[in-house]
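To start, the structure under review is shown below, and the notes come after it.
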Amino acid sequence: MDRFSDGFLFGASSSAFQIEGSLDRDGRGPSVWDAFIARPGRERLRSDAATACDHYARWADDVAIAGELGLDAYRFSVSWPRIQPDGRGEPNRAGLDFYSRLVDGLLERDVRPFPTLFHWDLPLALQRDSGGFRDRDTAARFEDYAGIVARALGDRVKDWITINEPFEYACFGHLFGTHAPGVKSPLAYLQVVHHQLLAHGRAVSAIRSEAAGARVGIALSWTPVHPLRDTEADEKAAARANAFMNGVSFDPILLGRYPALVTRGLLRPPVRDGDFETISTPLDFVGLNYYSREKARNAPLVPFIRADVTGKEPRELPESDDRTAMGWEVYHRGLVEILAELRGRYGNPPVIVTEFGSAWSDSVETDAATGRARVGDTRRVRYLRDALAAMRSAIEAGSDLRGAFVWSLTDNFEWAEGNAKRFGLVHVDYGTQARTVKDSGRWYAGLIASRVLDASSRVLETGSEDT
Ligand code: IFM
0 MDRFSDGFLF GASSSAFQIE GSLDRDGRGP SVWDAFIARP GRERLRSDAA
50 TACDHYARWA DDVAIAGELG LDAYRFSVSW PRIQPDGRGE PNRAGLDFYS
100 RLVDGLLERD VRPFPTLFHW DLPLALQRDS GGFRDRDTAA RFEDYAGIVA
150 RALGDRVKDW ITINEPFEYA CFGHLFGTHA PGVKSPLAYL QVVHHQLLAH
200 GRAVSAIRSE AAGARVGIAL SWTPVHPLRD TEADEKAAAR ANAFMNGVSF
250 DPILLGRYPA LVTRGLLRPP VRDGDFETIS TPLDFVGLNY YSREKARNAP
300 LVPFIRADVT GKEPRELPES DDRTAMGWEV YHRGLVEILA ELRGRYGNPP
350 VIVTEFGSAW SDSVETDAAT GRARVGDTRR VRYLRDALAA MRSAIEAGSD
400 LRGAFVWSLT DNFEWAEGNA KRFGLVHVDY GTQARTVKDS GRWYAGLIAS
450 RVLDASSRVL ETGSEDT
């Protein structure tokens, strides 16, 4: 029977900039995202983020929903510019108080808080003064900030995540320029990867010295890349892409070195003596964020290229049972593959899936029987169930998988996509801020209560979803 152990943590995740709104309240300083969406042509993003889910004002409602769903744990992020408006110096009391109230609210409902300290909203002053994570000194600033938050919340918070997806922050923000701070430079990408990893390692020690008994991890994305065509050139392209997208953070943290493919080129991460000891400080768990796979085609000058058999950008592809509203392929085998790789190449560390989930075009309807609002998101229910079945099979194969957090508790601001893409277990009407628990939220609550997956899954039935 597909039963999860009683100790397995079922949670949901969010991040500060994606839900909070209230960007000018209580002494918060601007972040790189405030500046990014202030640029001409980004009016829609600006108005979406200004309120987002209004969580800063409505946090108690959201905590109540987390409690009603029976979540074992809730992962949120602390906004660095609420704590240190300029990214350095004395903490802003009002910012710390907000997260302190949130933590108390969660604990009152028996929901374990999992704060993430950096989920992409870097204080703008650090970017303007020194290029943000391009500058090695930002790792020292992050260590200070981590110590401040751990000192304030460490009497109640036992589980900590340093940084969310250092690869994505470096790549989208500094190579493609599609996310804040909007830089397009391969060198910046490597600098930002390395200095975030260094910041992570320094923060692990800061948290442990401020918060007795802290369990610390990091949330890393892993997108398996397969060759687009069955050619040697595409296989090599896939190997390069895997090194630059996945190995680039997993290897330094778990093996204490970069993949050879990352350090072979003219441009290299700015490693100094002793960095890898800091970066590979042993963790209590590795957080894994998984969504989909990608396919690589050979393009000699570019380390990784998103490709699709149709030759289209994934986001141009229509939503279907096998393709989410983000254009991402539904590919649960990826989780099985990654967890096997973690068992083999990386020595089977304790893992928590810190994000998994999917966006769909949800709509609120009136339930004929009850007359109440309802969101019938059957595709999300199936997605979650199949992903969890993949996790169960990895546990049976020997993975030390200790929990899974759905992205996301509520619909929220999906970065460059604004409020248009909905990932939540809970629907948010951005006009009224009404929350409606979707069918997926109810299904998840039932799973948490029973700990049993209620129906067979395609992954287990077919063994493979490869197309
Ligand atoms: O919304 C993001 C989140 O901020 C980081 N991981 C991926 C999610 C979906 O794109």
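Sequence positions in the sequence shown follow numbering that gives the first Met the number 0 and run 0 to 466. C-beta atoms are modelled at their ideal positions from N, C-alpha and C, and glycine is treated no differently.
Quick check on residue i: buried or exposed, where buried means 16 or more other Cβ atoms within 10 Å of its Cβ?
| i | result |
| --- | --- |
| residue 39 | exposed |
| residue 449 | exposed |
| residue 373 | buried |
| residue 363 | exposed |
| residue 294 | buried |
| residue 86 | buried |
| residue 466 | Unreliable placement is indicated for residue 466, whose pLDDT of 29 sits below 50; the coordinate value is still reported in the next sentence. Exposed, because fewer than 16 other Cβ atoms sit within 10 Å of the Cβ of residue 466. |
| residue 93 | exposed |
| residue 354 | buried |
| residue 265 | exposed |
| residue 3 | buried |
| residue 347 | exposed |
| residue 377 | exposed |
| residue 319 | exposed |
| residue 210 | buried |
| residue 137 | buried |
| residue 187 | buried |
Can you tell me the Cα-Cα spacing of residue i and residue j, whole angstroms?
| i | j | result |
| --- | --- | --- |
| residue 262 | residue 442 | 46 Å |
| residue 50 | residue 19 | 7 Å |
| residue 391 | residue 359 | 24 Å |
| residue 91 | residue 28 | 10 Å |
| residue 281 | residue 253 | 8 Å |
| residue 103 | residue 288 | 26 Å |
| residue 43 | residue 95 | 30 Å |
| residue 316 | residue 76 | 31 Å |
| residue 258 | residue 426 | 41 Å |
| residue 296 | residue 24 | 47 Å |
| residue 140 | residue 232 | 42 Å |
| residue 15 | residue 230 | 43 Å |
| residue 459 | residue 279 | Note that residue 459 has pLDDT 39, beneath the 50 cutoff, so the model's placement of it is unreliable and the number below is only indicative. Rounded to the nearest angstrom, the two C-alpha atoms are 35 Å apart. |
| residue 117 | residue 163 | 6 Å |
| residue 260 | residue 337 | 19 Å |
| residue 177 | residue 120 | 15 Å |
| residue 370 | residue 200 | 53 Å |
| residue 504 | residue 367 | For residue 504 there is no data in the structure shown, the boundaries of the chain being 0 and 466. |
| residue 321 | residue 342 | 28 Å |
Relative to the alpha-carbon of residue i, which residue among the options has its alpha-carbon at the smallest distance?
| i | options | result |
| --- | --- | --- |
| residue 64 | 105, 90, 381 | 105 |
| residue 107 | 206, 324, 71, 361 | 71 |
| residue 292 | 241, 339, 2, 298 | 241 |
| residue 452 | 400, 380, 274, 408 | 380 |
| residue 31 | 418, 198, 48 | 48 |
| residue 153 | 98, 426, 319, 423 | 98 |
| residue 518 | 279, 269, 366, 418 | Outside the shown range of the chain, which is 0 to 466, sits residue 518, and nothing can be said about it. |
| residue 182 | 133, 33, 202 | 133 |
| residue 36 | 417, 424, 435 | 417 |
| residue 404 | 420, 395, 384 | 384 |
| residue 238 | 248, 223, 250 | 223 |
| residue 421 | 136, 325, 45 | 325 |
| residue 439 | 357, 399, 209, 150 | 357 |
| residue 124 | 166, 160, 157, 180 | 180 |
| residue 435 | 409, 276, 445, 415 | 409 |
| residue 79 | 321, 225, 122, 327 | 122 |
| residue 530 | 276, 178, 389 | Because the chain is modelled from 0 through 466, residue 530 falls outside the range shown and cannot be assessed. |
| residue 284 | 227, 246, 334, 203 | 203 |
| residue 1 | 412, 393, 367 | 393 |
| residue 414 | 117, 342, 171, 386 | 171 |
| residue 100 | 437, 402, 61 | 61 |
Helix, strand or coil: how does DSSP classify residue i here?
| i | result |
| --- | --- |
| residue 180 | coil |
| residue 386 | helix |
| residue 262 | coil |
| residue 80 | helix |
| residue 117 | strand |
| residue 241 | helix |
| residue 288 | strand |
| residue 48 | helix |
| residue 465 | Per-residue confidence for residue 465 stands at a pLDDT of 35, beneath the threshold of 50, marking its modelled position as unreliable; the derived number appears in the next sentence. Residue 465: coil per DSSP, three-state reduction. |
| residue 331 | coil |
| residue 377 | helix |
| residue 400 | strand |
| residue 30 | strand |
| residue 282 | coil |
| residue 409 | strand |
| residue 352 | strand |
| residue 55 | helix |
| residue 11 | strand |
| residue 68 | helix |
What residue ranges within the stretch 116 to 203 form continuous beta strand (DSSP E) runs of no fewer than 3 residues, ordered along the chain? Complete beta strand (DSSP E) runs here, min 3: 158 to 163.
Could you tell me which uninterrupted alpha helix (DSSP H) segments, each at least 4 residues in length, are contained entirely in the stretch 417 to 452, listed from first to last along the chain? If we require 4 residues or more, the alpha helix (DSSP H) runs fully inside the stretch 417 to 452 come out as 438 to 449.
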